[in-house]
Amino acid sequence: MAGFDVTDLPDLTGRTVVVTGANSGIGRAAARALAGAGAHVVLAVRDLDKGRAAAAAMPGQTEVRQLDLASLASVRTFAAGWEGDLHLLINNAGVMAPPLTRTSEGFELQFGTNHLGHFALTNLLLDHVVDRVVTVSSSGHRFGSIDFDDLNWEHKPYRAWRAYGQSKLANLHFTAELQRRLSAAGSVVLANAAHPGYAATNLSFHTQRRWMDLASALGNRLLAQDEDGGALPMLYAAVADVPGNSYAGPGGFMEQRGAPKLVGRSNAALDAGVARRLWDVSEELTGVRFPLGSTDRS
Ligand SMILES: NC(=O)c1ccc[n+]([C@@H]2O[C@H](COP(=O)([O-])OP(=O)(O)OC[C@H]3O[C@@H](n4cnc5c(N)ncnc54)[C@H](OP(=O)(O)O)[C@@H]3O)[C@@H](O)[C@H]2O)c1
């Protein structure tokens, strides 16, 4: 699939897809492309009006449902309302580098939204998933580390970018451990990850720093690829003939732009022991467990 683009998507008629954060940025672009390929796309968004506005500009069959990943109650309500097969779950929504903020349950916002919200959502929906789970990480995972002593920044001074890095590293550990568990349970479902490189979206406007907003506006205009380009790695991870726990990113300059391919990850992201421990802690924090049979640790 060299040079993969949206025209390489197969006919997805009859497939159902959930894209979190589908009202904006690369999630919106992915939802648009998947709907254009015939899928029934559920835009899982925290603001229904924004979701409806995005869906109105998409072809094909779309539906908008409320999901706030910063509230486990909202995640549970969304999952409880699900009926039937879910062919593809795309865990895309995210926040980057806001001032210290907490979710409804008191988790640091980025860890809570980017990782724990999607962790709970995936496990609550997993009995319905028949094909793939794709989780959107970032090159920023490389400056993250998992601090098991203080995952939620309660005891050390908050560092917004390091917290983003931790949440995006958690996305890769989540994917690896999910795939290990799916395989151990004999499931054919694949867990893959993707990152968009640098895409012009709203992501970098959460810092509440004026200089950062100006730099982001400039970077979005001069350096970034558009949201359609940024969506390609997650679409590739969703449909390409790749093994589970694949990680797709742009194949061009420093993985920041260009057609998608499978890419590497940091050494920290390859630590299976950390992935297992993070999974166990995430189950404790969310109260949501892996729902399928064996989780054989051999
Ligand atoms: N853009 C890049 O260069 C880049 C690079 C690396 C990784 N990524 C990753 O790409 C993903 C998508 O980001 P983007 O660049 O497309 O940014 P974006 O335009 O800001 O889109 C983020 C989406 O996430 C949603 N969201 C945020 N908090 C949520 C919550 N609590 N519950 C439900 N939805 C929530 C946002 O909803 P609202 O519109 O309501 O805020 C929005 O729809 C993120 O996971 C990000 O980490 C992006």
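According to this note's numbering, the sequence shown is numbered sequentially starting from -15. From the three backbone atoms N, C-alpha and C, an ideal C-beta is built for every residue, glycine too.
To the nearest angstrom, how far is it from the Cα of residue i to the Cα of residue j?
| i | j | result |
| --- | --- | --- |
| residue -5 | residue 19 | 10 Å |
| residue 118 | residue 139 | 32 Å |
| residue 28 | residue 163 | 23 Å |
| residue 47 | residue 211 | 21 Å |
| residue 245 | residue 238 | 12 Å |
| residue 89 | residue 55 | 7 Å |
| residue 137 | residue 113 | 33 Å |
| residue 267 | residue -8 | 37 Å |
| residue 192 | residue 148 | 15 Å |
| residue 213 | residue 183 | 7 Å |
| residue 276 | residue 120 | 23 Å |
| residue 105 | residue 60 | 7 Å |
| residue -10 | residue 13 | 10 Å |
Measuring only from the beta carbon, is residue i closer than 6 Å to any heavy atom that is part of ligand 1?
| i | result |
| --- | --- |
| residue 185 | yes |
| residue 210 | no |
| residue 1 | no |
| residue 244 | no |
| residue 104 | no |
| residue 117 | no |
| residue 136 | no |
| residue 52 | yes |
| residue 79 | yes |
| residue 7 | yes |
| residue 287 | What is shown of the chain runs -15 to 282, which leaves residue 287 out entirely. |
| residue 234 | no |
| residue 125 | no |
| residue 220 | no |
| residue 88 | no |
| residue 74 | no |
| residue 217 | no |
| residue 59 | no |
| residue 82 | no |
| residue 157 | no |
Terminal residues of the continuous alpha helix (DSSP H) containing residue i?
| i | result |
| --- | --- |
| residue 36 | 32 to 40 |
| residue 24 | Here residue 24 belongs to no alpha helix (DSSP H); instead the beta strand (DSSP E) covers 24 to 29. |
| residue 211 | 211 to 223 |
| residue 264 | 256 to 270 |
| residue 79 | Premise fails: residue 79 is in no alpha helix (DSSP H) and is neither H nor E. |
| residue 316 | Residue 316 lies beyond the residue range present for the chain, which begins at -15 and ends at 282; the question has no answer from this structure. |
| residue 277 | Here residue 277 belongs to no alpha helix (DSSP H), and DSSP marks it neither H nor E. |
Once you ignore the five residues that flank residue i on each side, which residues in its own chain have a CB closer than 7 Å to its CB?
| i | result |
| --- | --- |
| residue 115 | 71, 72 and 173 |
| residue 190 | 79, 80, 81 and 82 |
| residue 122 | 152 and 179 |
| residue 86 | 92 and 93 |
| residue -13 | 243 |
Counting along the chain, where does the beta strand (DSSP E) carrying residue i start and finish?
| i | result |
| --- | --- |
| residue 244 | 244 to 246 |
| residue 174 | 174 to 178 |
| residue 2 | 0 to 4 |
Report yes if the C-beta of residue i is less than 6 Å from at least one heavy atom of ligand 2; otherwise report no.
| i | result |
| --- | --- |
| residue 31 | Here the bound small molecules are ligand 1; ligand 2 is not part of this structure. |
Indicate the three-state DSSP secondary structure (helix, strand or coil) for residue i in the structure shown.
| i | result |
| --- | --- |
| residue 143 | coil |
| residue 233 | strand |
| residue 69 | coil |
| residue 14 | helix |
| residue 251 | coil |
| residue 282 | Confidence is the limiting factor: at residue 282 the pLDDT is only 45, short of 50, which leaves the residue's position unreliable and the question unanswerable from this model. |
| residue 52 | coil |
| residue 241 | coil |
| residue 201 | helix |
Take residue i and list the residues in its own chain whose beta-carbon comes closer than 6 Å to its own, dropping the five residues that flank it on each side.
| i | result |
| --- | --- |
| residue 53 | 77, 97 and 101 |
| residue 63 | 108 and 109 |
| residue 34 | 7 |
| residue 15 | 3, 6, 25 and 27 |
| residue 292 | Limits of the chain in this structure are -15 at one end and 282 at the other, which puts residue 292 out of reach. |
| residue 124 | 148, 149 and 152 |
At a Cβ threshold of 7 Å, is residue i touching chain B?
| i | result |
| --- | --- |
| residue 200 | Within the model displayed, chain B is absent; a lone protein chain is all it includes. |
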